[in-house]
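Everything below concerns the one structure shown next.
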Amino acid sequence: MSTSSRLLFASPLLLGLPAFAQSADLLQPATTLDEMVVTASPADRTLFQQVQPVTVLGGEDLQLNLQPTLGETLSREPGVSSTYFGPGASRPIIRGLGDDRVRVLQNGTSVLDVSNVSPDHAVATDPLTVRAIEVVRGPATLLYGPNTIGGVVNMIDDRIPDERFNGKWPSGHFASAFGSADDSESLSGALTFGKGPLVFHLDGFSRETDDLEIPGFARSTRLRATEPLAPGEVEPYGTLPNSATESKGAGLGASYVWDQGYFGLSYSGIDSLYGTVAEPDVTIDLRQRRWDFRGAFRQPTSWIKEIDYKIGHSDYAHTEFEGAERGTEFLIEGYNGRIELLHEKLGIFEGAFGIETQHSDFSALGEEAFLPSVENDVNSVFLFEEVPLNENTRLQFGARYDRQTNETDPNPAFGPGLDRDFNAFSTSAGLVYNPLPDYAVALSLAYTQRPPTYVELFANGPHVATGTYEIGDPNLDTEDSFSIDLSVRKKAGRVTGSAGVFYYRFDKFISLAPTGSDFTDPDNGETIPIYAYDAVGADFYGGEIEATVHLLEPALAEEAADAKSAAPAAKASQRLDLILRADYTHAENRDTNEALPRIPPFRSSAALEYQIDRWAARLEGEYAAHQDRHDVNELPTDSYFLINAALSYSLPIGDVDTTFYVKGVNLTDEEARQSTSILKDIAPLAGRGVVAGVRAEF
Numbered sequence: 201m202s203t204s205s206r207l208l209f210a211s212p213l214l215l216g217l218p219a220f221a222q223s224a225d226l227l228q229p230a231t232t233l234d235e236m237v238v239t240a241s242p243a244d245r246t247l248f249q250q251v252q253p254v255t256v257l258g259g260e261d262l263q264l265n266l267q268p269t270l271g272e273t274l275s276r277e278p279g280v281s282s283t284y285f286g287p288g289a290s291r292p293i294i295r296g297l298g299d300d301r302v303r304v305l306q307n308g309t310s311v312l313d314v315s316n317v318s319p320d321h322a323v324a325t326d327p328l329t330v331r332a333i334e335v336v337r338g339p340a341t342l343l344y345g346p347n348t349i350g351g352v353v354n355m356i357d358d359r360i361p362d363e364r365f366n367g368k369w370p371s372g373h374f375a376s377a378f379g380s381a382d383d384s385e386s387l388s389g390a391l392t393f394g395k396g397p398l399v400f401h402l403d404g405f406s407r408e409t410d411d412l413e414i415p416g417f418a419r420s421t422r423l424r425a426t427e428p429l430a431p432g433e434v435e436p437y438g439t440l441p442n443s444a445t446e447s448k449g450a451g452l453g454a455s456y457v458w459d460q461g462y463f464g465l466s467y468s469g470i471d472s473l474y475g476t477v478a479e480p481d482v483t484i485d486l487r488q489r490r491w492d493f494r495g496a497f498r499q500p501t502s503w504i505k506e507i508d509y510k511i512g513h514s515d516y517a518h519t520e521f522e523g524a525e526r527g528t529e530f531l532i533e534g535y536n537g538r539i540e541l542l543h544e545k546l547g548i549f550e551g552a553f554g555i556e557t558q559h560s561d562f563s564a565l566g567e568e569a570f571l572p573s574v575e576n577d578v579n580s581v582f583l584f585e586e587v588p589l590n591e592n593t594r595l596q597f598g599a600r601y602d603r604q605t606n607e608t609d610p611n612p613a614f615g616p617g618l619d620r621d622f623n624a625f626s627t628s629a630g631l632v633y634n635p636l637p638d639y640a641v642a643l644s645l646a647y648t649q650r651p652p653t654y655v656e657l658f659a660n661g662p663h664v665a666t667g668t669y670e671i672g673d674p675n676l677d678t679e680d681s682f683s684i685d686l687s688v689r690k691k692a693g694r695v696t697g698s699a700g701v702f703y704y705r706f707d708k709f710i711s712l713a714p715t716g717s718d719f720t721d722p723d724n725g726e727t728i729p730i731y732a733y734d735a736v737g738a739d740f741y742g743g744e745i746e747a748t749v750h751l752l753e754p755a756l757a758e759e760a761a762d763a764k765s766a767a768p769a770a771k772a773s774q775r776l777d778l779i780l781r782a783d784y785t786h787a788e789n790r791d792t793n794e795a796l797p798r799i800p801p802f803r804s805s806a807a808l809e810y811q812i813d814r815w816a817a818r819l820e821g822e823y824a825a826h827q828d829r830h831d832v833n834e835l836p837t838d839s840y841f842l843i844n845a846a847l848s849y850s851l852p853i854g855d856v857d858t859t860f861y862v863k864g865v866n867l868t869d870e871e872a873r874q875s876t877s878i879l880k881d882i883a884p885l886a887g888r889g890v891v892a893g894v895r896a897e898f
């Protein structure tokens with residue numbers, strides 16, 4: 201039985217048969233899908249009610265998975281992997297799609313950095329600063345544009361409060377953690393306070409790590425065999441060279457809140473210095489300063505439910521240093537703003553329409569710059585509507601139009617200025633059907649046109665991070681795709697969770713492919729392969745499963761007796777859950793029937809969580825299969841099995857809830873490499889490590 205067949209066969213088993221579920225539902229239900237989501241829909245909808253599959257990572261789950269980078273923080277979620285360019289830079293990949301096909305947002309507006317330009321560029325937000333992260337898997341083109349065919353990642357903080365502060369004392373948190381694998385030290389804290397309609401917020405963080413400890417050699421067995429080092433050079437062993445990081449940041453915000461709405465302003469900054477791993481002495485010094493303005497008017501007229509508006513402005517720069525010598529500098533300054541108008545029911549229709557605009561000025565300065573300076577503008581309009589077909593079925597549909605312009609500056613290295621304009625139209629429709637109160641079946645269809653990025657259009661030069669000479673194609677057209685997503689969810693009973701399958705068909709998938717030629721550097725004579733952007737046919741398909749088996753249900757004794765449940769009732773203070781996850785993505789070039797590069801393998805995990813009174817414990821096994829479907833210029837990636845564990849103790853003192861925790865990662869010290877990383881053969885994941893920390897909330 202194939203991997204995909206096993207995944208599909210397991211779906212109904214993990215969610216539980218209805219007869220089994222009905223007997224368990226007589227116990228007090230343990231809901232896991234009732235959390236509200238702000239990213240996937242303009243209407244107030246829970247995870248259970250969404251057309252598309254959504255994951256929300258917050259609270260204890262976020263604390264347990266917290267890593268220095270956004271990609272690694274999310275990499276254990278179903279359908280999500282990571283670019284992993286060492287500990288300092290990592291961007292999310294969703295269903296094998298990354299770069300400009302996954303949009304990273306901060307409170308609903310673009311992060312406005314250059315993390316989508318190259319895998320060695322970090323996302324300009326540290327997970328320490330966020331309250332929650334929402335991940336929408338699959339196209340979110342209606343609300344957030346055509347560069348969301350893979351999905352959307354929205355990092356949510358509280359820098360602009362949207363509710364009045366009613367407490368006598370400030371609320372917030374303080375956290376500190378120490379790790380052994382990289383000698384990490386982190387501190388973070390936040391305060392929210394106010395009086396009357398005025399509410400204020402302050403937060404800050406710092407993080408420092410040394411070079412990462414790894415189980416064995418930095419370079420993989422296959423790479424050492426095919427590309428041995430020159431005589432006299434020593435293979436790095438036990439430590440990943442040039443992987444140390446430093447980052448710090450702070451934010452402040454203020455809001456004016458009244459009964460019919462709010463408006464607020466925030467200012468934040470982040471500074472980060474990290475080794476690129478790909479080269480022994482190259483570091484990146486990153487700096488971003490950001491302004492955000494956000495607000496809402498509630499019920500301004502009888503037919504308008506709410507008007508939401510937000511705009512973010514970013515000034516970003518990073519410099520690449522080779523030793524102490526200043527190298528290429530990447531700069532981007534711009535803004536992203538949107539207005540959404542949510543209307544009351546107009547006949548049977550309830551939904552929203554809006555506009556979005558984005559402007560950015562990008563520059564890459566220095567001898568190793570592989571891109572010209574580009575001015576980019578995107579203006580969009582969108583419509584989203586929902587119609588109840590009957591009491592058990594809802595239809596969602598909408599459309600979006602984007603007008604994008606790219607204009608380069610004349611440059612001796614890149615020639616005369618170029619101007620490319622694109623018109624992109626996207627549409628989608630979806631159904632949510634509830635066959636039983638605790639079950640939902642969701643089906644969505646989407647057609648998307650994605651304009652090429654300025655990297656895909658105008659690249660022309662050696663790209664040090666990837667070790668290739670990249671050539672863009674200014675004549676590329678929009679990337680057209682059709683996608684279908686089917687999922688089933690269960691929110692109560694002994695077994696809860698979701699399972700789904702997806703399929704994407706691209707007619708003009710823009711990919712970077714080898715030309716068969718090499719470029720020789722005239723200064724040092726070094727040779728690197730030449731890669732060019734081209735449009736090909738491509739197919740992606742796969743599935744994801746996440747299920748929780750509630751082995752001990754908190755229940756009243758008389759309820760358990762009446763139900764005559766086969767499962768024992770637990771004391772109200774106990775919880776024992778078995779959490780099962782799996783995902784699989786298959787991606788191939790339809791023109792050649794060959795695998796596309798850097799696709800994640802079949803992955804699965806099983807975790808046992810136990811909680812009694814103030815104690816909580818978790819034991820987890822994490823498996824990634826051997827990836828032998830790879831691009832012709834890649835090496836296979838071995839399978840791995842990691843064992844992780846965590847223990848925590850919560851201590852309430854007055855109005856302060858303090859949690860002490862310790863977690864062990866890769867306890868067997870197994871070598872693990874990510875097939876989605878361009879550095880997989882020179883940068884394995886961390887070896888055995890322990891993290892100890894404390895978090896106080898008040």
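Under the working numbering, the residues of the sequence shown are numbered 201 to 898, in order.
Using N, Cα and C, we set each Cβ at its ideal position, and we do this for glycine too.
Keep in mind that this is a model prediction, so the values were computed, not measured.
Counting along the chain, where does the beta strand (DSSP E) carrying residue i start and finish?
| i | result |
| --- | --- |
| residue 280 | 280–282 |
| residue 341 | First-last for residue 341: 341–344, but that is the alpha helix (DSSP H), not the beta strand (DSSP E). |
| residue 372 | 371–379 |
| residue 815 | 815–824 |
| residue 483 | 482–498 |
| residue 608 | 593–608 |
| residue 332 | 332–337 |
| residue 685 | 679–690 |
When you compare only the Cα positions, how much space is there between residue i and residue j?
| i | j | result |
| --- | --- | --- |
| residue 828 | residue 747 | 28 Å |
| residue 393 | residue 357 | 15 Å |
| residue 291 | residue 522 | 23 Å |
| residue 881 | residue 874 | 9 Å |
| residue 878 | residue 543 | 46 Å |
| residue 229 | residue 267 | With a pLDDT of only 35 at residue 229, under the threshold of 50, the placement of this residue in the model should not be trusted; the figure read from the coordinates follows. Looking at the two C-alpha atoms, the distance is approximately 32 Å. |
| residue 465 | residue 458 | 15 Å |
| residue 445 | residue 592 | 51 Å |
| residue 581 | residue 354 | 20 Å |
| residue 297 | residue 684 | 15 Å |
| residue 260 | residue 790 | 42 Å |
| residue 450 | residue 325 | 11 Å |
| residue 247 | residue 338 | 14 Å |
| residue 368 | residue 239 | 32 Å |
| residue 418 | residue 439 | 7 Å |
| residue 400 | residue 362 | 11 Å |
| residue 597 | residue 643 | 12 Å |
| residue 648 | residue 616 | 32 Å |
| residue 471 | residue 669 | 30 Å |
| residue 733 | residue 672 | 5 Å |
What are the start and end residues of the alpha helix (DSSP H) that includes residue i?
| i | result |
| --- | --- |
| residue 260 | 259–265 |
| residue 656 | 654–658 |
| residue 277 | Counting along the chain, residue 277 falls outside any alpha helix (DSSP H), and DSSP gives it neither H nor E. |
Pull the bridge partners of residue i from the DSSP assignment, please.
| i | result |
| --- | --- |
| residue 422 | DSSP output for residue 422 lists no bridge partner at all. |
| residue 448 | 406, 471 |
| residue 746 | 698, 781 |
| residue 401 | 392, 453 |
Can you tell which of the options has its C-alpha closest to the C-alpha of residue i?
| i | options | result |
| --- | --- | --- |
| residue 850 | 473, 872, 817 | 817 |
| residue 344 | 402, 836, 602 | 602 |
| residue 837 | 653, 583, 496, 876 | 876 |
| residue 736 | 861, 707, 605, 576 | 707 |
| residue 373 | 272, 520, 391 | 391 |
| residue 553 | 488, 313, 242 | 242 |
| residue 640 | 332, 594, 600, 780 | 594 |
| residue 890 | 844, 835, 858 | 844 |
| residue 443 | 340, 408, 501 | 408 |
| residue 294 | 861, 340, 496, 376 | 340 |
| residue 349 | 650, 273, 485 | 650 |
| residue 517 | 537, 655, 488, 535 | 488 |
So residue i and residue j are in contact, right, with Cβ under 8 Å, and what is the actual spacing, rounded?
| i | j | result |
| --- | --- | --- |
| residue 638 | residue 693 | 6 Å |
| residue 730 | residue 715 | 5 Å |
| residue 437 | residue 452 | So it is not a contact: roughly 45 Å between Cβ atoms. |
| residue 336 | residue 252 | 6 Å |
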